[in-house]
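Novice: First the structure, then my questions, so here it is.
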Amino acid sequence: MLHIINKSPFENSTLDSCLRVAKGGDILLIEDAIYASVSGGAFESKIREAIGKFKVYALQPDVEARGLSGRVMEGVTAVGYDVFVDLVATNENCQSWL
Amino acid sequence: MNHYLIKEIEIPSIEVNGKSYETDEEGYLVNLGDWNMDVAEYIAKTENLNMTEQHWEVIDFLRKYYDEFQIAPAVRVLTKAIGKKLGPEKGNSQYLYELFPYGPGKQACKVAGLPKPTGCI
Amino acid sequence: MSEEIKKFMFVNRKAPYGTIYALESLEVVLITAAFDQDVSLAFLDDGVYQLRKGQQTKGIDTKNFSPTYRALEGYDIEKLYVEKESLEARGLTEEDLLVDVTVLSREEMGELMDEQDVVLSF
Numbered sequence: 002m003l004h005i006i007n008k009s010p011f012e013n014s015t016l017d018s019c020l021r022v023a024k025g026g027d028i029l030l031i032e033d034a035i036y037a038s039v040s041g042g043a044f045e046s047k048i049r050e051a052i053g054k055f056k057v058y059a060l061q062p063d064v065e066a067r068g069l070s071g072r073v074m075e076g077v078t079a080v081g082y083d084v085f086v087d088l089v090a091t092n093e094n095c096q097s098w099l
Numbered sequence: 004m005n006h007y008l009i010k011e012i013e014i015p016s017i018e019v020n021g022k023s024y025e026t027d028e029e030g031y032l033v034n035l036g037d038w039n040m041d042v043a044e045y046i047a048k049t050e051n052l053n054m055t056e057q058h059w060e061v062i063d064f065l066r067k068y069y070d071e072f073q074i075a076p077a078v079r080v081l082t083k084a085i086g087k088k089l090g091p092e093k094g095n096s097q098y099l100y101e102l103f104p105y106g107p108g109k110q111a112c113k114v115a116g117l118p119k120p121t122g123c124i
Numbered sequence: 114m115s116e117e118i119k120k121f122m123f124v125n126r127k128a129p130y131g132t133i134y135a136l137e138s139l140e141v142v143l144i145t146a147a148f149d150q151d152v153s154l155a156f157l158d159d160g161v162y163q164l165r166k167g168q169q170t171k172g173i174d175t176k177n178f179s180p181t182y183r184a185l186e187g188y189d190i191e192k193l194y195v196e197k198e199s200l201e202a203r204g205l206t207e208e209d210l211l212v213d214v215t216v217l218s219r220e221e222m223g224e225l226m227d228e229q230d231v232v233l234s235f
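Below, the structure written as structure tokens:
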């Protein structure tokens, strides 16, 4: 299962909910959710923990737009739109957390 | 058989050297990248402006300002910034209104291919 | 109309691009500048991300409006305040920002807010 999250973790509980409920699979952080993947931020340990259970991706164009290239923490894979499409296509199921 | 009349949607545009450039209803260029000096001359003519070296100097200043800050400056800000860069004899509203009688904000931005300044009515 | 100058504060709490708030606030600030009031901008929570250096929006096909914060000085808007705790929670420091700001503690920010005549929240 692919979990897509697009809200800032500081503003919205979707990341927390996803991590609490989901059993595993892929997590793709897009739009304001990419802030969760910034090293040195308040969500670093939460994402680090998640990396053991999920494969975590961050959408690179959204990272660049927000001026955070080079700040994405280790263990999170920065990907382009092509991989976004691949993830949607290869996963049996996909959930956009709203 | 049914015939549907599809109404043609008119997109405002100007034609310069055989090429068409999209504008808004007021004649401002829609795409910043479309701008060149011929287009500027054309827009100036529609505004009844006779472009001189002094006009071009202001246009050039505006385009550089936009490039740096991504906005068209308010007249007050433009006046002050021009004064700083080109001297007080140019950085005053009398000088700028003589060049662009309908407002250095509105009119010069139009010729420069920029959007209307924010807060300009 | 009263000639009295009022203290206006714009409180920015949203990240850029994900929602329209940041850009809307900036436009209102630029318009407000024409009225010669005592304007200050406060950045807290995700609002501090608005001032992050090095934004490159080509990949999301959206206008990068971050350079416009540098134009504020020319509009005589020079009071920019950033809450320290918000920066820290996001792993950012003053050096990560694209304009000069005054960093305030939560306590100081609250006091400054209390002094305002008008507070507009974005």
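Chains as they are written, first to last, in this note's numbering: chain A, 2 to 99; chain R, 4 to 124; chain E, 114 to 235. From the three backbone atoms N, C-alpha and C, an ideal C-beta is built for every residue, glycine too.
Are the beta-carbon atoms of Ala77(R) and Gly108(R) separated by less than 8 angstroms?
Specialist: Taking 8 angstroms as the Cβ cut-off, Ala77(R) and Gly108(R) qualify as a contacting pair.
Novice: Of all the options Ala147(E), Arg126(E), Leu185(E), which has the alpha carbon lying nearest to the alpha carbon of Leu200(E)?
Specialist: Taking only the C-alpha atoms, the option nearest Leu200(E) is Arg126(E).
Novice: If I measure Cβ to Cβ from Ile48(A) and keep anything under 7 angstroms in the same chain, skipping five residues before and after, which residues do I get?
Specialist: Within the same chain, Ile48(A) has close Cβ partners Ala37, Ser38, Val57, Met74, Val77.
Novice: Quick one: does Glu92(R) have its CB under 8 angstroms from some CB of chain E?
Specialist: Chain E, which has no Cβ nearer than 8 angstroms to the Cβ of Glu92(R), makes this no.
Novice: Verify the CB distance criterion: does Arg203(E) have a CB-CB separation below 8 angstroms to chain R?
Specialist: It does not; no Cβ of chain R falls within 8 angstroms.
Novice: Considering only their Cβ atoms, is the gap separating Val212(E) from Arg165(E) smaller than 8 angstroms?
Specialist: No, the Cβ-Cβ distance between Arg165(E) and Val212(E) is not below 8 angstroms.
Novice: Output yes or no for whether 8 angstroms exceeds the beta carbon distance between Val216(E) and Lys192(E).
Specialist: No.
Novice: Please determine, among Val89(A), Ala90(A), Ser14(A), Asp83(A), the residue with the shortest C-alpha to C-alpha distance to Ala34(A).
Specialist: For the residues Val89(A), Ala90(A), Ser14(A), Asp83(A), the minimum Cα distance to Ala34(A) belongs to Ser14(A).
Novice: Kindly indicate the opening and closing residues of the alpha helix (DSSP H) around Phe64(R).
Specialist: Here the alpha helix (DSSP H) through Phe64(R) covers 56-72.
Novice: Just the Cα atoms here: how many angstroms apart are Gly25(A) and His4(A)?
Specialist: Those two C-alpha atoms are separated by around 9 angstroms.
Novice: Give the residues of chain E in contact with Gly41(A), contact being defined as C-beta atoms less than 7 angstroms apart.
Specialist: What Gly41(A) touches in chain E: Gly204.
Novice: Beta-carbon separation of Glu50(R) and Gln97(R) under 8 angstroms?
Specialist: No, the Cβ-Cβ distance between Glu50(R) and Gln97(R) is not below 8 angstroms.
Novice: Would DSSP call Asp120(A) helix, strand or coil?
Specialist: Here chain A covers residues 2 to 99 and nothing more, so residue 120(A) does not appear.
Novice: Quick one: what's got a C-beta closer than 7 angstroms to Ser16(R)'s C-beta in the same chain, skipping five residues either side?
Specialist: Only Ser23, Tyr24, Glu25, Thr26 meet the Cβ criterion.
Novice: DSSP on Asp37(R), reduced to helix/strand/coil?
Specialist: Residue state, collapsed to three classes: helix.
Novice: For the alpha helix (DSSP H) that Ile6(A) lies in, which residues bound it at each end?
Specialist: Taken as a continuous stretch (DSSP letters only), Ile6(A) belongs to no alpha helix (DSSP H), being part of the beta strand (DSSP E) at 3-6.
Novice: Taking 8 angstroms as the CB-CB limit, is Ile124(R) close to chain E?
Specialist: Because the pLDDT at Ile124(R) is just 45, under 50, the model does not fix this residue reliably, and the value given afterwards should be weighed accordingly. By this cut-off, Ile124(R) is not an interface position.
Novice: Within 10 angstroms of its Cβ, does Ser153(E) collect 16 or more other Cβ (buried), or is it exposed?
Specialist: Buried is the call here.
Novice: Check this for me: beta carbons of Tyr69(R) and Ala84(R), under 8 angstroms apart or not?
Specialist: Cβ atoms of Tyr69(R) and Ala84(R): not closer than 8 angstroms.
Novice: Give the list of continuous alpha helix (DSSP H) stretches no shorter than 4 residues that lie fully inside the segment 73-101 of chain R.
Specialist: DSSP runs (the alpha helix (DSSP H)) wholly in the segment 73-101 of chain R: 78-89.
Novice: Inspect the beta-carbon positions of Gln61(A) and Gly81(A) and report whether they are closer than 8 angstroms.
Specialist: The answer is yes: Cβ separation under 8 angstroms.
Novice: Spatial neighbours of Ser218(E) within its chain, please: CB distance less than 8 angstroms, with the 5 preceding and 5 following residues excluded, ordered by chain position.
Specialist: Glu196, Lys197, Glu198.
Novice: Tell me the residue span of the alpha helix (DSSP H) that contains Lys197(E).
Specialist: Per DSSP, Lys197(E) belongs to the alpha helix (DSSP H) from 197-202.
Novice: Would DSSP call Leu99(A) helix, strand or coil?
Specialist: In this structure, Leu99(A) counts as coil in the three-state DSSP scheme.
Novice: Just the C-alpha distance for Gly106(R) and Leu35(R), rounded to the nearest angstrom, thanks.
Specialist: Approximately 20 angstroms, taken between the alpha carbons.
Novice: Excluding sequence positions up to five away, which residues of its chain have a Cβ less than 6 angstroms from the Cβ of Leu20(A)?
Specialist: So the qualifying residues of the chain are Ala51.
Novice: What are the boundary residues of the beta strand (DSSP E) that Asp27(A) is part of?
Specialist: Counting along the chain, the beta strand (DSSP E) containing Asp27(A) begins and ends at 26-30.
Novice: Please classify Val61(R) as buried or exposed, where buried requires at least 16 neighbouring CB atoms within 10 angstroms.
Specialist: Buried, since its Cβ has 16 or more Cβ neighbours within 10 Å.
Novice: In the DSSP assignment, find the alpha helix (DSSP H) that holds Glu237(E) and state where it starts and stops.
Specialist: Within the shown structure, residues of chain E are numbered from 114 to 235, placing residue 237(E) beyond reach of any answer.
Novice: Once DSSP output is grouped into helix, strand and coil, what is the label at Ala79(A)?
Specialist: Three-state DSSP puts Ala79(A) in a strand.
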